[in-house]
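FYI, full-length UniProt numbering numbers position 174 of the sequence shown as 174, with every residue one higher than the one before it.
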Amino acid sequence: MNSLTIGLDTAKSVFHAVEKNSRGRVLSKAKLTRAKLFTYFANKPPCTVALEACGASHYWCRVISAYGHKAVMIAPQYVASHRKGNKNDFNDGNAIADVAQRDDIRTVPYKSIEQQDIQLLHRVRERLVRQRTALGNQTRGLLSEYGIVLRQGVAHLRKELPFILEESNNELTELACRQFFLLHEELLVLDEKVKQADNEIQRVALSHPISQRLMTMSGVGPIISTILLVALGKGEHFRNGRHFSAWCGLVPKQHSTGDKARLLGISKRGNTYIRTQLINGARSALRNASNKNDQVSRWAASLAERIGFNKACVALANKMARFAWAMVHNGQDYQLKP
1 MNSLTIGLDT AKSVFHAVEK NSRGRVLSKA KLTRAKLFTY FANKPPCTVA
51 LEACGASHYW CRVISAYGHK AVMIAPQYVA SHRKGNKNDF NDGNAIADVA
101 QRDDIRTVPY KSIEQQDIQL LHRVRERLVR QRTALGNQTR GLLSEYGIVL
151 RQGVAHLRKE LPFILEESNN ELTELACRQF FLLHEELLVL DEKVKQADNE
201 IQRVALSHPI SQRLMTMSGV GPIISTILLV ALGKGEHFRN GRHFSAWCGL
251 VPKQHSTGDK ARLLGISKRG NTYIRTQLIN GARSALRNAS NKNDQVSRWA
301 ASLAERIGFN KACVALANKM ARFAWAMVHN GQDYQLKP
């Protein structure tokens with residue numbers, strides 16, 4: 001591996017590469033089509049190739065690594081702060097190469113095909129759940145215009161809407177009943193699609209040894225174990241468990257000056273979906289903590305009494321993230337201390 005660094009500004013069909021030596025001097029610039037990009041990297045000696053973390057960047061990192069290069073992804077906010085002059089493709093490539101040569105910039109880990117497959121499942125399921133929630137909210141809102149008020153939640157709507165359509169003592173016209181019937185059918189279709197996505201995620205969770213190990217932790221099921229598998233990989237990108245929990249945005253923000261240390265709420269950095277799932281899992285574990293006698297459950301129950309249930313859930317989610325990193329990185333099983 002030589003000292004050459006290539007900053008690659010990716011796109012759908014035209015790519016811009018900027019080559020720099022170890023002193024930061026620009027050696028060459030190239031504008032490449034998608035077909036020529038493969039030949040370009042095949043003819044280069046092993047070097048560092050940096051890309052901006054964006055659409056298709058995981059794919060290009062895998063392709064570039066297959067040619068023997070070291071592929072790294074840079075977060076977009078770091079690239080923007082290092083760009084010199086106006087924004088154009090070559091200036092973007094130059095900024096990407098500059099950031100890649102710095103030692104104090106954390107890179108983004110790129111995912112394997114297996115990780116992207118699992119992430120695909122989660123993103124499809126997340127969209128379906130979001131569509132189902134939106135459909136339920138719209139249906140409840142439209143019903144309220146006819147003086148019919150339902151409790152929140154898709155389950156209540158799914159159960160009560162058929163009976164409402166059969167009643168004759170409301171203001172629903174024949175036209176309105178037909179529309180609400182179609183909305184109910186659409187809701188059932190989305191329910192079935194969400195169920196199929198859940199079954200697929202469960203199948204993946206039960207077939208993967210790391211996911212099986214993670215599910216032995218209290219509050220972790222198929223959804224959380226598989227999304228942790230996507231986020232962690234083998235755990236080598238994170239120095240320790242605290243680094244991973246900070247990456248998830250589960251540690252306090254710091255606003256200190258002089259000798260005055262001031263900690264605020266959690267940073268909420270990183271992936272919102274992963275953080276949400278961890279907190280939901282912690283919420284489930286904390287509800288059952290009073291029925292258990294292990295060290296973590298006693299600590300969580302005591303914390304909930306002192307600072308409140310919701311804050312204790314976030315603290316437990318932080319601890320769960322650290323446990324997950326240790327289990328994945330060290331290949332350890334979840335061990336409960338009495």
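A virtual CB, placed ideally from N, CA and C, is assigned to each residue, including glycine.
_alpha helix (DSSP H) segment containing V99, residue limits_ = Taken as a continuous stretch (DSSP letters only), the alpha helix (DSSP H) holding V99 covers D89 to A100.
*asked:* Can you tell me where the beta strand (DSSP E) holding A71 begins and where it ends?
replied: Taken as a continuous stretch (DSSP letters only), the beta strand (DSSP E) holding A71 covers K70 to I74.
*Sub-8 Å separation of G141 and V154 beta-carbons*: For G141 and V154, no; Cβs fall outside 8 Å.
*asked:* Rounded to whole angstroms, what is the Cα-Cα separation between K311 and E185?
replied: Each residue's Cα considered, the two are about 39 Å apart.
*Considering only the beta carbon of each residue, do I266 and G249 sit closer than 8 Å?*
Here I266 is near G249, since their CB atoms are less than 8 Å apart.
*With V154 as the anchor, note down where its alpha helix (DSSP H) starts and where it stops.*
Start and end: V154 to E166.
*Please look up how many angstroms separate the CB atoms of Y334 and T226, rounded, as I've assumed it's under 8 Å.*
Not really, about 16 Å apart at Cβ, beyond 8 Å.
*Mind reading off the beta-carbon distance from G7 to A66? Whole number of angstroms is fine, and I expect it under 8 Å.*
Contact between G7 and A66 is ruled out by a C-beta separation of about 20 Å, above the 8 Å threshold.
_Whole runs of the alpha helix (DSSP H) within the segment 272-301, excluding any shorter than 4 residues_ = Segments of the alpha helix (DSSP H) lying fully in the segment 272-301: 272-287.
*asked:* Measuring alpha carbon to alpha carbon, tell me which residue in R25, Y40, H255 and R23 is nearest K31.
replied: When each option's Cα is compared against that of K31, the closest is Y40.
*Rounded C-beta distance between S211 and L229? I'm assuming under 8 Å.*
Rounded, the Cβ-Cβ distance is 5 Å, consistent with contact.
*A97 vs A50 beta-carbon contact at 8 Å*: Contact flag set, yes.
*Boundaries (first-last residue) of the beta strand (DSSP E) holding G265*: Unbroken beta strand (DSSP E) run through G265: L263 to I266.
*Do you know whose CA, among D198, H255, L316 and I118, lies nearest S297's CA?*
That would be L316, whose Cα lies nearest to the Cα of S297.
*Which term fits D92, buried or exposed, when burial requires 16 or more other beta carbons within 10 angstroms of its beta carbon?*
The residue in question, D92, is buried, as its Cβ has 16 or more Cβ neighbours within 10 Å.
*State the start and end residues of the unbroken alpha helix (DSSP H) segment that holds H243.*
Unbroken alpha helix (DSSP H) run through H243: G241 to W247.
*My understanding is that G147 touches E167, with C-beta atoms under 8 Å, so please give their C-beta distance in whole angstroms.*
In this structure, G147 and E167 do not form a Cβ contact; the two beta carbons are roughly 12 Å apart against a cut-off of 8 Å.
*Going by DSSP, name the residue or residues bridged to V14.*
Beta-bridge partners of V14 (DSSP): T33.
*Expressed to the nearest angstrom, what Euclidean distance is found between the alpha-carbon atoms of F15 and D9?*
Distance between the alpha carbons of F15 and D9 is about 6 Å.
*State buried or exposed for Q332, treating a residue as buried only when at least 16 other CB atoms are found within 10 Å of its CB.*
Around the beta carbon of Q332, a 10 Å sphere encloses fewer than 16 other beta carbons of the protein chains shown; the residue is thus reported as exposed.
*Contact set for H122: own chain, Cβ-Cβ below 8 Å, skip 5 residues either direction*: Correct list, in chain order: I201, I223, T226, I227, V230 and Y273.
*Does the beta-carbon distance from C47 to H69 come in below 8 Å?*
When the beta-carbon positions are compared, C47 and H69 come within less than 8 Å of each other.
_Looking at the secondary structure, which residues open and close the alpha helix (DSSP H) in which L51 lies?_
For L51, there is no enclosing alpha helix (DSSP H); the residue is found in the beta strand (DSSP E) stretching over T48 to E52.
*How would you label Q179, buried or exposed, when you count the other beta carbons within 10 angstroms and need 16 or more for buried?*
Burial call: exposed.
*Drop a sphere of 10 angstroms on the beta-carbon of N330, count the other beta-carbons inside from all chains shown, and report buried for 16 or more, exposed for fewer.*
Exposed is the call here.
*Mind checking whether V63 and T107 have CB atoms under 8 Å apart?*
Cβ atoms of V63 and T107: not closer than 8 Å.
*How long is the line joining the alpha carbons of R130 and L161, rounded to whole angstroms?*
For R130 and L161, the distance between alpha carbons rounds to 20 Å.
*Determine the closest residue to L37 out of H58, S13, F323 and S22, with distance taken between C-alpha atoms.*
Among H58, S13, F323 and S22, the Cα nearest to that of L37 belongs to S13.
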